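Enquirer: Residue numbering for the sequence shown follows my numbering, beginning at 84 and increasing consecutively.
Using N, Cα and C, we set each Cβ at its ideal position, and we do this for glycine too.
Keep in mind that this is a model prediction, so the values were computed, not measured.
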Amino acid sequence: MVDKNMGKDTDTEFDAYAKDYNRSLQYGLRASGEMPDYFAEYKVSYLIRRLEIGPDSRILDFGCGVGNLSRALRRLIPGISVDGYDPSMASLEQISPDARGTGRFTSNLADLNTDYDIAVLAGVLHHIRPEKRAATLVDASSRLCPGGSLVVFEHNPLNPLTRHTVDTCPFDKDAILLKSAETRNLMAATGLILVQRDYIVFFPRVFSALRSLEPALGWCPLGGQYAVLGTRKR
Ligand SMILES: C[S@@+](CC[C@H](N)C(=O)[O-])C[C@H]1O[C@@H](n2cnc3c(N)ncnc32)[C@H](O)[C@@H]1O
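1. Is DSSP giving PHE236 helix, strand or coil here?
2. Contact check, HIS209 vs ILE160 under 8 angstroms by CB: the rounded distance?
3. Within 10 angstroms of the Cβ of ARG317, are there 16 or more other Cβ atoms? Answer buried if so, exposed if not.
4. Between ILE142, ARG294, PRO138, PRO298, which lies nearest to LEU233 when the distance is taken from Cα to Cα?
5. List the residues that DSSP assigns as beta-bridge partners of LEU277.
6. From MET118 to LEU296, what does the alpha carbon distance come to, in whole angstroms?
7. Taking the alpha-carbon positions, what's the THR273 to SER291 distance?
8. With DSSP as the reference, label VAL85 as helix, strand or coil.
9. Can you tell me whether VAL127 sits near ligand 1, meaning its C-beta is under 7 angstroms from at least one heavy atom of the ligand?
10. Whole angstroms are fine: how far does the CA of ALA205 sit from the CA of PHE236?
11. Rounded to whole angstroms, what is the Cα-Cα separation between ARG158 and ASP200?
12. Identify every residue that forms a DSSP beta bridge with ARG141.
13. Comparing the CB of ASP198 with every heavy atom of ligand 1, is any distance shorter than 7 angstroms?
14. Could you name the residues that DSSP lists as bridge partners for ILE201?
15. Assuming ALA217 and PHE145 form a contact by the criterion Cβ under 8 angstroms, report the distance between their Cβ atoms to the nearest whole angstrom.
16. Rounded to whole angstroms, how far is the Cβ of GLY313 from the Cβ of TYR282, which I believe are closer than 8 angstroms?
17. Inspect the CB distances between the region 119 to 131 and the region 213 to 228 and report whether three or more fall short of 8 angstroms.
18. THR189 by DSSP, collapsed to three states: which one?
19. GLY162: buried (16+ other C-beta within 10 angstroms of its C-beta) or exposed?
20. If I measure Cβ to Cβ from LEU134 and keep anything under 7 angstroms in the same chain, skipping five residues before and after, which residues do I get?
21. With H, G and I counted as helix, E and B as strand and the rest as coil, what does DSSP make of GLY301?
22. What does DSSP give as the partner residues of ILE283 in its beta bridges?
23. Measure the Cβ-Cβ separation of ALA99 and GLU176 and say whether it is below 8 angstroms.
24. Measuring alpha carbon to alpha carbon, tell me which of GLY167, SER179, LEU293, LEU112 ends up nearest LEU192.
25. From this set, LEU156, LEU261, ASP250, which residue's C-alpha is nearest GLU124's C-alpha?
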């Protein structure tokens, strides 16, 4: 029997979704009542809450896709410098000038610096086959300065609304979700010092009045997503 995936470079699978990425994402997220920008800005607010991040921080958006997180970073932290990496060149072509700024966005790892203060993987690991995830974390964390932080945002498979979203989002059809413990183990195996794990994104728009409670719910494994934070040894 022929294995249809044999030889397929899954890292570039997002080329096929690049032009319609945000429309597909919006469709997948419709149960939340929010647009893609809400989730990107939520992650930036989280970074501001947990890390010393400001206009002087050097940020790497690893698996940046069409630049949603980069744009939110530049919108909420004016003056910040963001570089991005993604193997999907078609996605990189979709990055708007306001997300790009003066940053370098590349599909070539060799173009990246090796002194970023913070590297972020937002919704990336579940698109990478399990046996390749550790190597991806090594690629990202080796670009950090000593003491720099790696932050992984992932969908939480324990949340039923998240699972529904993933099941109905066109570009998530090959996704393999990972629990926060798996992410923590992977990060520790990469040599990072684990600092924090928080569950995030609890309430859909219809319950937005409750959202001010979310920062206090980081311990509760029902969040729609989670963040794991590690630092590179000095
Ligand atoms: C769901 S998108 C998330 C994009 C972006 N981080 C965001 O928050 O909008 C997942 C991205 O991971 C990228 N990706 C897939 N394999 C990768 C790898 N080995 N290293 C880095 N990025 C990868 C895909 O090309 C895609 O752009």
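Expert: If we stick to the structure as given:
1. DSSP, reduced to helix, strand and coil, places PHE236 within a strand of the structure shown.
2. Not confirmed; about 26 angstroms, so no contact.
3. Of the other Cβ atoms in all chains shown, fewer than 16 fall within 10 Å of the Cβ of ARG317; this residue is therefore exposed.
4. Distance from the Cα of LEU233 is smallest, within the candidate group ILE142, ARG294, PRO138, PRO298, for ILE142.
5. Assignment of beta-bridge partners to LEU277 by DSSP yields GLY313.
6. Cα to Cα, MET118 sits roughly 21 angstroms from LEU296.
7. Rounded to whole angstroms, THR273 to SER291 spans 37 angstroms at the Cα level.
8. Model confidence at VAL85 stands at a pLDDT of 30, short of 50, so the residue's coordinates are unreliable and nothing is read from them.
9. Not so, every heavy atom of ligand 1 lies at least 7 angstroms from the Cβ.
10. In this structure, the straight-line span from the alpha carbon of PHE236 to that of ALA205 is close to 5 angstroms.
11. Taking the straight line joining both Cα atoms gives about 19 angstroms.
12. DSSP lists SER164 as partners of ARG141.
13. It does not: the Cβ of ASP198 is nowhere closer than 7 angstroms to a heavy atom of ligand 1.
14. Its beta-bridge partners are ILE142, SER232.
15. 14 angstroms between Cβ atoms; not a contact.
16. The pair is not a contact, with the Cβ atoms about 17 angstroms apart (cut-off 8 angstroms).
17. No, they do not touch.
18. DSSP places THR189 in strand when its eight states are reduced to three.
19. Exposed, by the Cβ-count rule.
20. Correct list, in chain order: ILE201, SER232.
21. Note: GLY301 maps to coil in three-state DSSP.
22. Note: ILE283 sits in a beta bridge opposite GLN308.
23. The Cβ atoms of ALA99 and GLU176 do not sit closer than 8 angstroms to each other.
24. Cα-wise, what sits closest to LEU192 is GLY167.
25. With distances taken between Cα atoms, GLU124 lies closest to LEU156.
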